[in-house]
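S.K.:
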Amino acid sequence: MSTNPYEVAEPAEDLEEVEIATSPEPVAGVNPPKESLRARVLNSLGWEVGGQIGMQITRFGGNILLTKLLLPEAFGVIGLAQVFLMALNLLSDVGLTASVIHHPRGKDAKFLDTVWTVSIIRGWILWGLTCLGAIPFARFYEIPELAWVLPVAGFSSVIRAFASTSILTAKRDLRNAWYVIVDCGSQMMGTILTVVLAFFIPSVAALAWGWIATAVVYTGLSFCARGVQWNWFCWDREAVQSLASFGRWAMASSGVTILQERGDRMALGKIVTAAALGNYMIGANLATLPMTIFWRIQLGIAHPFYSRIRSESAEMQHSKIRRLRLGVVSTVGPAILGLIVLGNPVVRLIYDAPYHQAGWYCQLVGLASLVRVSTDVGPIFMAYGQARIHFLITLFHATAGAVGMLIGYLIGNRLGNPAAGVLYGFAFGPLLAYPFQIAMYRRINAWFPEVDAIGLSAAALVVVAQVYGLI
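Using my numbering, you'd call the opening residue of the sequence shown number 153 and step up by one each time.
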């Protein structure tokens with residue numbers, strides 16, 4: 153990748169001077185004796201971006217093949233199942249990954265075994281709750297298939313819970329190569345198996361069992377590294393107390409993230425048909441291709457990076473965070489703009505006629521992504537150990553998004569297009585919380601108005617182009 157957000161002008165206090173000693177035992181097959189933070193970040197960035205490009209090519213190709221084998225309704229059903237499972241997963245998120253990244257004992261064997269044990273307990277609880285909620289959820293959306301799709305797809309949570317904690321320690325050390333390989337490998341194998349299943353079982357069942365196949369491959373690959381952490385059941389009381397203390401705010405933040413990340417699907421599921429929702433899922437998946445890179449940078453690079461620099465001077469933190477923000481916006485932003493402009497013709501070129509509506513959805517979801525990238529500094533407060541503030545930002549953002557969708561629905565309904573109103577509200581509603589975000593980021597000198605303005609100006613131009621029918 154040509155864009156380098158870490159190129160520094162002041163060599164006296166460059167990232168090169170920050171040395172980080174690795175653990176005596178290799179993690180995920182990599183154990184250099186010492187490496188600068190800058191080199192580690194750039195190496196991680198390369199793996200993250202390269203891995204995501206590979207994963208998205210695989211996902212995109214598999215998606216095209218699946219649309220040849222399945223009807224749009226199947227994608228609508230699995231899309232709602234994904235919303236339910238994600239909601240349940242986020243509501244029970246106790247911040248295990250974040251705890252390993254920032255906790256002083258994050259590489260201690262007993263601590264990691266306790267994390268693994270808690271993960272397994274959580275996985276079984278999630279599946280039990282999925283089974284209990286499947287029928288009510290199916291009745292609410294009036295889609296009977298959800299009653300059995302949810303328990304099948306939901307069992308993937310149990311399987312993934314058994315994955316080695318080596319993936320977490322690799323994230324902590326910014327050794328991203330291993331878990332990117334695990335993610336890419338499981339995604340590729342899972343996609344291939346799903347397409348094969350869809351060929352023999354052309355229904356939503358193929359997509360549900362595809363989740364199981366992907367989870368099995370993911371968990372298996374997590375134990376294939378040299379020097380892998382082989383976990384066993386453990387219950388360290390001090391570790392559990394630490395996880396509980398940090399996890400309560402992580403759980404609260406994750407809970408409201410449901411509205412923030414999947415509020416559009418929850419709302420559309422009640423006002424459009426399953427086929428239209430399936431089109432939306434196709435369009436949204438296409439529009440969010442750059443966002444997957446954005447999230448991987450935020451969680452896989454920005455989070456541990458922020459954690460590493462929090463002990464430095466305020467001036468150095470400000471400079472390094474700004475370079476990261478500028479690099480992210482200037483890299484992901486143009487990719488999103490490209491999909492907004494080209495999404496409609498690309499969909500019509502590649503997909504069959506029943507899926508052509510996905511192009512319009514791609515533009516609207518891309519608009520929401522552009523606003524998000526322009527205003528989100530990332531999990532900086534989590535990395536600084538201020539999980540409560542992270543929760544408040546997420547809460548304000550999600551609430552503003554919900555208000556925006558409600559206003560958009562009311563306006564769109566009067567104009568005869570409630571779906572468009574919901575999606576425009578989903579895109580711009582979160583800006584109602586922008587002043588609060590600014591106030592919080594300014595407390596740690598991490599607000600960069602000139603960087604935010606780049607993406608927000610582009611979003612405004614997109615709306616103008618849509619109004620005048622230019623795109």
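Built from N, CA and C at the ideal position, the CB exists for glycine as well.
Could you give the uninterrupted runs of the alpha helix (DSSP H) lying entirely in the segment 300 to 382, keeping only those of 4 residues or more?
M.R.: You should have 308 to 313, 318 to 324, 328 to 352, 356 to 373.
S.K.: Indicate whether T210 and I434 have their beta-carbon atoms separated by less than 8 Å.
M.R.: Translated into the one-based positions of the sequence shown, residue 210 becomes position 58. Translated into the one-based positions of the sequence shown, residue 434 becomes position 282. No. Outside cutoff.
S.K.: Please report the straight-line C-alpha distance between Q204 and F212, rounded to a whole angstrom.
M.R.: Locating residue 204 in the sequence shown gives position 52, counting from the first residue. Locating residue 212 in the sequence shown gives position 60, counting from the first residue. When rounded, the distance between both Cα atoms is 12 Å.
S.K.: Enumerated in chain order, which unbroken segments of the alpha helix (DSSP H) with a length of 4 residues or greater are wholly contained in the segment 221 to 275?
M.R.: For the segment 221 to 275, whole alpha helix (DSSP H) runs of length 4 or above, ordered along the chain, are 224 to 243, 248 to 254.
S.K.: Please work out which residues of its chain come closer than 8 Å, Cβ to Cβ, to V523, disregarding the five sequence neighbours upstream and downstream, and give them in chain order.
M.R.: Stepping through the sequence shown from its first residue, residue 523 is reached at position 371. Once the five neighbours on either side are set aside, the close Cβ partners of V523 are A579, F580, P582, L583, G607, L608, A611.
S.K.: Between the segment 364 to 373 and the segment 224 to 239, can you find at least three pairs of beta-carbon atoms closer than 8 Å?
M.R.: The segment 224 to 239, when compared against the segment 364 to 373, does not touch it at the 8 Å Cβ threshold.
S.K.: When you compare only the Cα positions, how much space is there between R327 and L320?
M.R.: The residue you call residue 327 lines up with position 175 of the sequence shown. The residue you call residue 320 lines up with position 168 of the sequence shown. Whole-angstrom Cα-Cα distance: 10 Å.
S.K.: Pull up the distance between the alpha-carbon of E169 and that of E464, whole angstroms please.
M.R.: Here residue 169 refers to the residue found at position 17 when the sequence shown is read from its first residue. Here residue 464 refers to the residue found at position 312 when the sequence shown is read from its first residue. Because E169 sits at a pLDDT of 32, beneath the cut-off of 50, its placement in the model cannot be relied upon, and the point is left open.
S.K.: Considering only residues of the same chain and omitting the five flanking positions on each side of S394, which have a CB-CB separation below 6 Å?
M.R.: Taking the first residue of the sequence shown as position 1, residue 394 is located at position 242. Cβ neighbours of S394 beyond the five flanking positions: none.
S.K.: Given Q208, which residues of its chain have a CB within under 7 Å of its CB, disregarding the five upstream and five downstream residues?
M.R.: To locate residue 208, count along the sequence shown from 1; it is residue 56. The answer, listed in chain order, is L441, T444.
S.K.: Taking Cβ to Cβ, would you say Q412 is nearer than 8 Å to A535?
M.R.: For the purposes of this step, residue 412 is identified with residue 260 of the sequence shown, where counting begins at 1. For the purposes of this step, residue 535 is identified with residue 383 of the sequence shown, where counting begins at 1. Cβ atoms of Q412 and A535: not closer than 8 Å.
S.K.: Just tell me which of S459, S355, A428 has its CA closest to the CA of V301.
M.R.: Within the sequence shown, the letter at position 149 stands for residue 301. Ranking the options by Cα distance to V301, first place goes to S355.
S.K.: Specify the secondary structure class of A161 as computed by DSSP and reduced to three states.
M.R.: Indexing the sequence shown from 1 puts residue 161 at position 9. At A161 the pLDDT is 33, less than 50, meaning the model places this residue with poor confidence; the figure from the coordinates comes in the next sentence. Three-state result, A161: coil.
S.K.: I think G560 touches V525, with their Cβ atoms under 8 Å apart; what is that distance to the nearest whole Å?
M.R.: Taking the first residue of the sequence shown as 1, we reach residue 560 at position 408. Taking the first residue of the sequence shown as 1, we reach residue 525 at position 373. So it is not a contact: roughly 20 Å between Cβ atoms.
S.K.: Less than 8 Å between the C-beta atoms of N278 and S309, yes or no?
M.R.: In the sequence shown, counting from the first residue as 1, residue 278 sits at position 126. In the sequence shown, counting from the first residue as 1, residue 309 sits at position 157. Going by the sequence as given, residue 278 is Leu instead of Asn. Yes, these two residues count as a Cβ contact at 8 Å.
S.K.: Within 10 angstroms of the Cβ of V270, are there 16 or more other Cβ atoms? Answer buried if so, exposed if not.
M.R.: As a working mapping, residue 270 is identified with position 118 in the sequence shown. Buried, because 16 or more other Cβ atoms sit within 10 Å of the Cβ of V270.
S.K.: Between the C-alpha atoms of N215 and M468, what's the straight-line distance to the nearest angstrom?
M.R.: Taking the first residue of the sequence shown as 1, we reach residue 215 at position 63. Taking the first residue of the sequence shown as 1, we reach residue 468 at position 316. For N215 and M468, the distance between alpha carbons rounds to 44 Å.
S.K.: Over what stretch of residues does the alpha helix (DSSP H) that includes F385 continue unbroken?
M.R.: One-based indexing of the sequence shown puts residue 385 at position 233. That residue, F385, is in no alpha helix (DSSP H); it is neither H nor E in DSSP.
S.K.: Taking just the CA atoms, how far does F385 sit from G495?
M.R.: As a position in the sequence shown, residue 495 is number 343, starting the count at 1. As a position in the sequence shown, residue 385 is number 233, starting the count at 1. Their backbone Cα atoms lie some 48 Å apart in a straight line.
S.K.: Do you know how far the Cα of L232 is from the Cα of M418?
M.R.: Start at 1 with the first residue of the sequence shown, and residue 418 comes out as number 266. Start at 1 with the first residue of the sequence shown, and residue 232 comes out as number 80. Taking the straight line from one Cα to the other gives about 7 Å.
S.K.: Taking the straight line between their C-alpha atoms, what separation do you get for G342 and P303?
M.R.: Here the question's residue 342 lines up with position 190 in the sequence shown. Here the question's residue 303 lines up with position 151 in the sequence shown. Their backbone Cα atoms lie some 18 Å apart in a straight line.
S.K.: Using the beta-carbon count (16 or more within 10 Å), is F351 buried or exposed?
M.R.: As a position in the sequence shown, residue 351 is number 199, starting the count at 1. F351 is exposed by the Cβ-count criterion.
S.K.: Do three or more CB pairs link the segment 561 to 580 to the segment 509 to 520 at distances below 8 Å?
M.R.: A contact exists between the segment 561 to 580 and the segment 509 to 520.
S.K.: Leaving out five residues before and five after Q381 in sequence, what residues of the same chain have Cβ atoms less than 8 Å from its Cβ?
M.R.: Taking the first residue of the sequence shown as 1, we reach residue 381 at position 229. Only V179, A261, L264, S316, T317, S318, T321 meet the Cβ criterion.
S.K.: Going by C-alpha distance, which of V493, W276, L223, L359 is nearest A313?
M.R.: For the purposes of this step, residue 313 is taken as the residue at position 161 of the sequence shown. The candidate whose alpha carbon is nearest that of A313 is W276.
S.K.: If you draw a straight line from the alpha carbon of K422 to that of I502, how long is it in whole angstroms?
M.R.: Along the sequence shown, one-based indexing puts residue 422 at 270. Along the sequence shown, one-based indexing puts residue 502 at 350. Each residue's Cα considered, the two are about 28 Å apart.
S.K.: Mapping the DSSP letters down to three states, classify G430 as helix, strand or coil.
M.R.: By one-based count along the sequence shown, residue 430 stands at place 278. DSSP places G430 in helix when its eight states are reduced to three.
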